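Novice:
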Amino acid sequence: MQRYSGFGLVKHALSHHENWQRQWRNPTPKKEYDVIIVGGGGHGLATAYYLAKEHGITNVAVIEKGWLGGGNTARNTTIVRSNYLWDESAALYEHAMKLWEGLSQDINYNVMFSQRGVLNLGHTLQDMRDIQRRVNANRLNGIDGEVLDARGVQELVPIMDCSKRARYPVMGASWQPRAGVARHDAVAWGYARGADGHGVDLLQQTEVTGFKIVDGRVVGVHTNRGDIGAKTVGCVTAGNSSVLANMAGFNLPLESHPLQALVSEPLKPILDTVVMSNHVHGYISQSDKGDLVIGAGIDGYNGYGQRGSYPTVEHTLQAIVEMFPIFSRVRMNRQWGGIVDTCPDACPILSKTPVKGLYFNCGWGTGGFKATPGSGHAFAWSLAKGQMHPLAAPFSIDRFHSGALIDEHGAAGVAH
Amino acid sequence: MKHDKQPNRLLEGGRIDRDRPLTFSFNGQSYTGFAGDTLASALLANGVDIVNRSFKYSRPRGIVAAGAEEPNAVVQLGSSEAAQVPNVRATQQALYDGLSARSTNGWPNVQRDLMGTIGKLSGGFMPPGFYYKTFMAPASMWMTYEKYIRKSAGLGRSPTESDPDIYDHLHQHCDVLVIGAGPAGLAAALSAARGGARVILCDEQETMGGSLLDSREMLDGQPAAQWADSALDELASLDNVTLLPRTTANGYHDHNFVTLHERRTEHLADVAPLANGRRQVRSRLHRVRAGQVVLATGAHERPLVYAGNDVPGNLLAGAVSTYIRRYGVAPGNKLVLSTSNDHAYRAALDWSEAGREVVAIVDARANPDGELVTQAQALGIRVITGSAVVEAKGANRVTGARVAKIDIDGFKVVGKAEELTCDTIASSGGYSPVIHLASHTGARPTWRDDILGFVPGKVTGMTATGGANGVYALAEVIADGSQVGAQAASASGHQTAPIDLPSVAAIREGAAVALYQVPHEKTTLRAPKQFVDLQNDVTAAGIEVATREGFESIEHVKRYTAMGFGTDQGKLGNINGMAIAARCLKRSIPEVGTTVFRPNYTPVTFGAIVGRHCRELFDPERYTSLHEWHIKHGAEFEDVGQWKRPWYFPQTVNGKPETMHEAVARECRAVREKVGILDATTLGKIDIQGKDAREFLGRVYTNKWEKLAVGRVRYGLMCKDDGMLMDDGTTSCLGENHFLMTTTTGGAAGVMEWLELWHQTEWPELEVYFTSVTDHWATMTVTGPEARNLLAEITDIDLDRDTFKFMDWREGKVAGVPARVFRISFTGELAYEINVQANYAMPVWEALFEHGDKYGLTPYGTETMHVLRAEKGMIIVGQDTDGSVTPEDLGMHWAIGYDKPFSWIGKRALTRPDTRRENRKQLVGLRPKDPKVVLQEGAQIVFDPDQAIPMAMMGHVTSSYYSPILDSGFALAVVKGGHKRMGDTVYLPMADGQTHAAEIVGPIFYDPKGARQNV
Ligand SMILES: Cc1cc2nc3c(=O)[nH]c(=O)nc-3n(C[C@H](O)[C@H](O)[C@H](O)COP(=O)(O)OP(=O)(O)OC[C@H]3O[C@@H](n4cnc5c(N)ncnc54)[C@H](O)[C@@H]3O)c2cc1C
């Protein structure tokens, strides 16, 4: 694998960029692999990368029906934070956060992880109680965080309306300085290149249409390019996960909803933290290109068309202009949608299934981008060892039978 | 022939009003244009070549196009801070007097730009995705690198002051929505309207008419623009037609829902001027539901991709014609036209007729032979065939064109290049139907080899016509439009009334050739930059590098190079980019993929999308009918749901206003010792009727309802299907089949939906009806030892403690007003909740105060209510619970009817292993070891304060107050296994380093037997 560096860039410039190598191959599928990962999004690619790198399992294929990283990975608003309330989630997201902090160097691909800090605003007394509770829990879990009052918020974001004139005046916020944003495509491509470099086959334009199951054990998959055998299959297919579970003969407690996001036209830098508000219901950051990147909650209906309804966009912008009246004359450039797989408790599923050798990693819903490295890391461990990683274990589908839910709704609301 | 002060203005021609000169400024310099100009045409008229600097390489850029596809002329508009609008496309901005615009990039200015120098030097080090490959070492430096990268971000800037303007929305319905008022759209609108359909016709331009406005052709022997005028006259005269000029269809959503953005005043000023002394909206968003949509959005010309094609003076051929014919502006003196088709010859003909020199027409085809070719040759214009402009020369303005013979299939230059001196290069590589809107719906466009373009995919209820559907000859366009309009009318139940087609002298055009990127003597990677996406500085070489690196899907190519991610969404460059990717990958264009366009078609201000739903109308503020009184009595308010509730009533004591702490202490004491009054109107109230009402209650509440007698009230708990508490409240039996349910203030709407959901989807067989009556009734809680004495003075209801017992309700009059009085208590004191029609509340409230003075009647707010209920261990859903708490966790086993005959929501979940687990978090009281301490709400509880981080957290404080009656702090909390840990000491490690200790006690701190409410 060609190593990337500033020096290399200069060298390539002098040879007119004629000598860049492919970042990954375009292999023909083998008959059989040790492990097949279904879904070439960030989580699937990260899983393959860590399988190869940490566990030496390189006879691996990632099967992607479209293009690598073209699902929610390519559509998300890239907020990365780990200040979750419950121990189980906090541990998983903080595991991811630690990996984020060295990711660019590890995969030799700049994922532009920008720790510009995330504010979760509080607008009511109850918001503030919840914020205190969450930040207290974070602190005792060893996760950075602080509770700010309205003045503290105003100092960080001078352009926000923190006055009493607002419909729901800002009362304070939680502030996680290590949180931030990253470049989504780079995450997918960087893991893809890393996995490919270890010999993993990345099979694009290949759709899994069914599972080969013998005596309750998975032995391979059917695809539009023929059958491919495997001893272990990990499904990491986000909004399509319930469809794949159905192919394998069981149900998952998932609902697939459109989640939309939008960007403004590029603006000169004006907002350098991430601001999220559950109460007013919108969140915003500014990308390195200058676009305001904006989102809110899911569309209420179920569907697989990767677009949502217009009223959701209207409501989202209402919230943004309420928080930032100066953005009224800024113009919206584009909107889009992804299909998110939401669980009743707003937490993911990393789990064995009724089919032996078949594992699922899904249910990340509106907030899985931030977990990408941690999810891939823990899932790879689980596939390699045949048992769930301790950080993943609480997220088994058994919890929907036992009732041991990890309800992040209470204190996290919009869980981006 | 030149106009005095406007060097490029022709002395005649154009649809501008030369009697109305307008002054405007660009980059601080003052210029003059005419009414009817766009900012772009006025800038060109004034000979302004450089309008911007490019995003990545900071290269000088000029105007390329005349419409929505313009990538370069993106300016900052606004003469005052509050009126700033970033990134306005000069080609779409009408000129008005006093317009003030600036370039969005360029430092110190666009003419002499420092970044441009750096861009020249370092351009080679910035291949696509270069940032993914560097800035990685050392890891700690990225935030610093990023700070500098960020400095070059963005085009225009946000205003820093609030918007002075307002915007609104209009909901529209029509049979036929025609988008685009060119020949196809006009014909479609006319025939649909004549058939009787309700038609909306919109067009994004200042004037309707589309390509007819700069056409060389004649219709019925008249200039084409005249036909457009008469068609518009007829449309304007019809009642069933709405004409919306300056209106862009910016989003096409499912089921023919289309949003139209009408710019009502942008052409007049940067802040909406008053109309008849009144404010008017700056722009309006029409939310249109159309029976049929006719897409008549025309086609965008594709430029050719050649070296140096970004130097100012490189324009689209069609734009050259538009500027000459429509605005009377010739954007240069010496023209070289490079084309792959006949249609573009018009640019040379128009140029020549404007009296300017056409140096040559360079035609990629070996034997062009259409009528326009002949016309050009007849004018003596040199036509160089089988060739193309391979490179534009010049830095700040085109100075020449290198022209060479090319082998299109072999993708190479053959023979030696000739350099022609010129200041303008117009190019045309064919036309791309404007399919963006259809593509918003998810419809995949189809590639057609015969027209070398994508046409819209199939959308139910939508037909594309004219250029948008790849039909280009004027006669055919009008015929097609008329037929499509007639069909749309008939599809929506109206007559078919196609129009009489005007006679057109058909112009025979020869076949075009597929040419996108023009070869250069050097390889693409070594040739001077050949731009594909001008706004994002994406070059042919960039696309080639991307494909070499394995980015093979067009979506990957776009993302890796940023092609099409600009504010023009690649209107100009995407197809060329796909063609280049296809060449590199040795595939066909459709094999490489189709492009997906997303709303908006062109950018729309947030304000327009928000409309009136901002500021005071962002979310309605709900007031109780006693709100005025509260304000008059100095209440501080708390937001609860949408309601403004009095939080506490600070009084002035010794000339000083009380703190919240003091006010609450006083209010608490008044209730415990005398009598207080709370406005409890905001609690949700749902009137439930029907013969199955009782059965329904039994299914949605955990407890039993079959025996609740008329006149009685019961407290109920509602769980979600996961067994977790979602709401609570009392429900009263008003009649055998009639109940009044109360909910929490914040939960009211959610509970109403919940009831409807279960009724409509699960138990439709039950006869039960729900009506929200929250706003209909005002609720006044009179509570305290003196409550009965006070109420007795103004009611005819018998308040005898044995006949009107705790948890009874009675009907009667209070202060002469019909009322329902509920004897329920959320304070632990004797209490009556008086409900009267909301309109009558004020006199009743005032009467209570008239009589209440002598009892010490004190108004109290939500804070006091919280302290009083917490002293009694009564929960607030959402504060003491969080969606993970069961009724049993709260110690409310008594409120669960496991043996009810029909199952109820949550029952199954409550029997799962985890909900039966011993050490669940359970509601307890906490008594701080130091009574002066008021624990922090949200503080985490540990058993061992000395453990290392991460600590094992055992619960948290849910409610915590100072109790004036107990003269100490106290709290409610949830603690693992708490019910069995009475007397244990727990610890609360705080952010400030302190650790508090507290004892676990029962949750009821005051009057544990409940004697006081039963007096
Ligand atoms: C608008 C939006 C905003 C968001 N914002 C944030 C945010 O700010 N922060 C955050 O942390 N998260 C956010 N998310 C959530 C986040 O994007 C996802 O949780 C995360 O990207 C999921 O990654 P993934 O790799 O599991 O899924 P994906 O990237 O969707 O990958 C799944 C892949 O599986 C493939 N696939 C599906 N079916 C098959 C099949 N049968 N055969 C082969 N392949 C198949 C799909 O094509 C897809 O590429 C957001 C999501 C959206 C839509």
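Heads up: the protein sequence lines correspond to chains A and B, in order.
Each residue of the first sequence is one higher than the one before, starting from 0 at the first, in numbering that gives the first Met the number 0.
Each residue of the second sequence is one higher than the one before, starting from 0 at the first, in numbering that gives the first Met the number 0.
Note that CB positions come from ideal geometry on N, CA and C, so glycine has one too.
If you're wondering where the values come from, they're calculated on a predicted model, not measured in any experiment.
1) Flag residue 91(A) as yes if its beta-carbon sits less than 7 Å from any beta-carbon of chain B, otherwise no.
2) Does the distance between the C-beta of residue 229(A) and the nearest non-hydrogen atom of ligand 1 fall short of 6 Å?
3) Helix or strand or just coil, what does DSSP make of residue 413(A)?
4) Verify the CB distance criterion: does residue 123(A) have a CB-CB separation below 7 Å to chain B?
5) Can you check the stretch 237–320 of chain B for any alpha helix (DSSP H) of at least 4 residues that lies completely inside it and give the ranges in chain order?
6) Are the stretch 308–323 of chain A and the stretch 276–284 of chain A touching by the rule of at least three beta carbon pairs closer than 8 Å?
7) Would you tell me roughly how many angstroms separate the C-alpha atoms of residue 179(A) and residue 78(A), rounded to the nearest one?
8) Cα separation between residue 247(B) and residue 259(B)?
9) Give the C-beta separation of residue 436(B) and residue 358(B) to the nearest angstrom, bearing in mind that I take them to be a contact with Cβ-Cβ under 8 Å.
10) How about residue 407(B) and residue 313(B): do their beta carbons lie closer than 7 Å?
11) For residue 307(A), does the three-state DSSP call read helix, strand or coil?
12) Compile a chain-ordered list of the residues in the stretch 278–300 of chain A whose CB is closer than 7 Å to at least one CB of chain B.
13) What's the gap between the Cα of residue 264(B) and the Cα of residue 292(B)?
14) With DSSP as the reference, identify every bridge partner of residue 809(B), one or two as the case may be.
15) Any C-beta of chain A sitting closer than 7 Å to the C-beta of residue 1003(B)?
16) Output yes or no for whether 7 Å exceeds the beta carbon distance between residue 339(B) and residue 429(B).
17) Just to confirm before moving on: does the CB-CB distance between residue 486(B) and residue 497(B) stay below 7 Å?
18) Relative to the alpha-carbon of residue 505(B), which residue among 530(B), 473(B), 535(B) and 511(B) has its alpha-carbon at the smallest distance?
19) At a cut-off of 6 Å, would you count residue 33(B) as near ligand 1, judging by its Cβ distance to the nearest heavy atom?
20) Any residues in the stretch 322–335 of chain A with a beta carbon nearer than 9 Å to a beta carbon of chain B? Which ones, in chain order?
21) Applying the criterion that 16 or more other CB atoms from any shown protein chain within 10 Å of the CB defines a buried residue, is residue 160(A) buried or exposed?
22) Any contact of the stretch 541–558 of chain B with the stretch 123–133 of chain B, i.e. 3+ C-beta pairs under 8 Å?
23) Leaving out five residues on either side along the sequence, give the residues of the same chain with a beta carbon under 7 Å from the beta carbon of residue 1012(B).
24) Show which residues of chain A have a CB atom less than 8 Å away from the CB atom of residue 558(B).
25) Please check if any C-beta of chain B sits within less than 7 Å of the C-beta of residue 402(A).
26) Could you pull the start and end residues of the alpha helix (DSSP H) that residue 186(A) belongs to?
27) Report all residues from its chain with a CB closer than 6 Å to the CB of residue 84(B); omit the five preceding and five following residues, and keep chain order.
28) Is the stretch 197–208 of chain A touching the stretch 321–336 of chain A in the sense that three or more CB pairs, one from each, lie closer than 8 Å?
29) Quick check on residue 0(A): buried or exposed, where buried means 16 or more other Cβ atoms within 10 Å of its Cβ?
30) Tell me whether residue 273(B) is buried or exposed, calling it buried when 16 or more other Cβ atoms sit within 10 Å of its Cβ.
31) Looking only at DSSP bridge pairs, what is residue 87(A) linked to?
32) Please list the terminal residues of the continuous beta strand (DSSP E) segment that includes residue 284(A).
33) Roughly how many angstroms lie between the CA atoms of residue 383(A) and residue 94(A), to the nearest whole one?
34) Rounded to a whole number of angstroms, what is the C-alpha to C-alpha distance between residue 137(A) and residue 971(B)?
35) Please report the straight-line C-alpha distance between residue 188(A) and residue 66(A), rounded to a whole angstrom.
36) Per DSSP, residue 79(A) is paired with what?
Specialist: According to the data block:
1) In the first sequence, counting from the first residue as 1, residue 91(A) sits at position 92. No, its Cβ sits nowhere closer than 7 Å to a Cβ of chain B.
2) As a working note, residue 229(A) is residue 230 in the first sequence. Incorrect: residue 229(A) has no Cβ contact closer than 6 Å to ligand 1.
3) Translated into the one-based positions of the first sequence, residue 413(A) becomes position 414. Low per-residue confidence applies at residue 413(A): pLDDT is 42, beneath 50, and the placement is therefore not dependable, though the value from the model is reported in the following sentence. Of the three classes helix, strand and coil, the one that applies to residue 413(A) here is coil, per DSSP.
4) Here residue 123(A) corresponds to residue number 124 of the first sequence, with the count starting at 1. It does; some Cβ of chain B falls within 7 Å.
5) Listed in chain order, nothing qualifies, since the stretch 237–320 of chain B has no complete alpha helix (DSSP H) run of 4 or more residues.
6) The stretch 308–323 of chain A makes contact with the stretch 276–284 of chain A, as at least three CB pairs between them are under 8 Å.
7) For the purposes of this step, residue 179(A) is taken as residue 180 along the first sequence, with counting starting at 1. For the purposes of this step, residue 78(A) is taken as residue 79 along the first sequence, with counting starting at 1. C-alpha separation (whole angstroms): 6 Å.
8) In the second sequence, residue 247(B) corresponds to position 248, counting from 1. In the second sequence, residue 259(B) corresponds to position 260, counting from 1. A direct Cα-to-Cα measurement between residue 247(B) and residue 259(B) gives close to 5 Å.
9) For the purposes of this step, residue 436(B) is identified with residue 437 of the second sequence, where counting begins at 1. For the purposes of this step, residue 358(B) is identified with residue 359 of the second sequence, where counting begins at 1. Contact between residue 436(B) and residue 358(B) fails: their C-beta atoms lie close to 39 Å from each other, not under 8 Å.
10) Stepping through the second sequence from its first residue, residue 407(B) is reached at position 408. Stepping through the second sequence from its first residue, residue 313(B) is reached at position 314. No, the Cβ-Cβ distance between residue 407(B) and residue 313(B) is not below 7 Å.
11) Position 308 of the first sequence holds residue 307(A). Of the three classes helix, strand and coil, the one that applies to residue 307(A) here is coil, per DSSP.
12) Of all residues in the stretch 278–300 of chain A, 287, 288 and 289 have a Cβ within less than 7 Å of some Cβ in chain B.
13) Looking up residue 264(B) in the second sequence gives position 265. Looking up residue 292(B) in the second sequence gives position 293. Whole-angstrom Cα-Cα distance: 27 Å.
14) Numbered from its first residue, the second sequence carries residue 809(B) at position 810. Answer is 820(B), bridged to residue 809(B).
15) Counting from one through the second sequence, the residue named residue 1003(B) turns up at place 1004. Put simply, the CB of residue 1003(B) is far from chain A, with every gap to its CB atoms at 7 Å or more.
16) Residue mapping note: residue 339(B) aligns to position 340 of the second sequence, counting from 1. Residue mapping note: residue 429(B) aligns to position 430 of the second sequence, counting from 1. Against a cut-off of 7 Å, the Cβ pair of residue 429(B) and residue 339(B) comes out as a contact.
17) Translated into the one-based positions of the second sequence, residue 486(B) becomes position 487. Translated into the one-based positions of the second sequence, residue 497(B) becomes position 498. Residue 486(B) places its beta carbon 7 Å or farther from that of residue 497(B).
18) Residue numbering aside, residue 505(B) sits at position 506 when the second sequence is read from its first letter. Of 530(B), 473(B), 535(B) and 511(B), the smallest CA-CA separation from residue 505(B) is found for 473(B).
19) Position 34 of the second sequence, counted from the first residue, corresponds to residue 33(B). Not under cutoff, so the answer is no.
20) Residues 323, 324, 325, 326, 327, 328, 329, 330, 331, 332, 333, 334 and 335.
21) Taking the first sequence and counting its residues from 1, the one referred to as residue 160(A) is at position 161. By the 16-neighbour rule on beta-carbons within 10 angstroms, residue 160(A) is buried.
22) Taking a contact to require three or more Cβ pairs closer than 8 Å, the stretch 541–558 of chain B and the stretch 123–133 of chain B qualify as touching.
23) Within the second sequence, the letter at position 1013 stands for residue 1012(B). The residues are 805, 824, 827, 828, 829 and 830.
24) Counted from its first residue, the second sequence places residue 558(B) at position 559. Contact annotation for residue 558(B) against chain A: 73 and 184 [CB-CB distance below 8 Å, chain order].
25) Sequence index remark: in the first sequence, residue 402(A) carries index 403 (1-based). Chain B contact via Cβ: present.
26) Along the first sequence, read from residue 1 onward, the residue named residue 186(A) stands at position 187. First-last of the alpha helix (DSSP H) with residue 186(A): 183–196.
27) As a first step, residue 84(B) is located in the second sequence; it is residue number 85 there, counting from the start. Same-chain partners within the cutoff: 76 and 77.
28) Too few Cβ pairs lie closer than 8 Å, so no.
29) Working through the first sequence from its first residue, we reach residue 0(A) at position 1. Here residue 0(A) is exposed: its Cβ has fewer than 16 other Cβ atoms, across all protein chains shown, within 10 Å.
30) Counted from its first residue, the second sequence places residue 273(B) at position 274. Residue 273(B) should be labelled exposed.
31) If you number the first sequence from 1, residue 87(A) lands on position 88. Residue 87(A) is bridged by DSSP to nothing; it lacks a bridge partner.
32) For the purposes of this step, residue 284(A) is taken as residue 285 along the first sequence, with counting starting at 1. Where residue 284(A) is concerned, the enclosing beta strand (DSSP E) stretches over 281–285.
33) As a first step, residue 383(A) must be located in the first sequence, where it is residue number 384. As a first step, residue 94(A) must be located in the first sequence, where it is residue number 95. Between the C-alpha atoms of residue 383(A) and residue 94(A) there is a straight-line separation of about 18 Å.
34) Residue numbering aside, residue 137(A) sits at position 138 when the first sequence is read from its first letter. Residue numbering aside, residue 971(B) sits at position 972 when the second sequence is read from its first letter. When rounded, the distance between both Cα atoms is 21 Å.
35) Taking the first residue of the first sequence as position 1, residue 188(A) is located at position 189. Taking the first residue of the first sequence as position 1, residue 66(A) is located at position 67. Residue 188(A) and residue 66(A) have their C-alpha atoms roughly 11 Å apart.
36) Within the first sequence, numbered from 1, the residue matching residue 79(A) stands at position 80. Beta-bridge pairing links residue 79(A) to 179(A).
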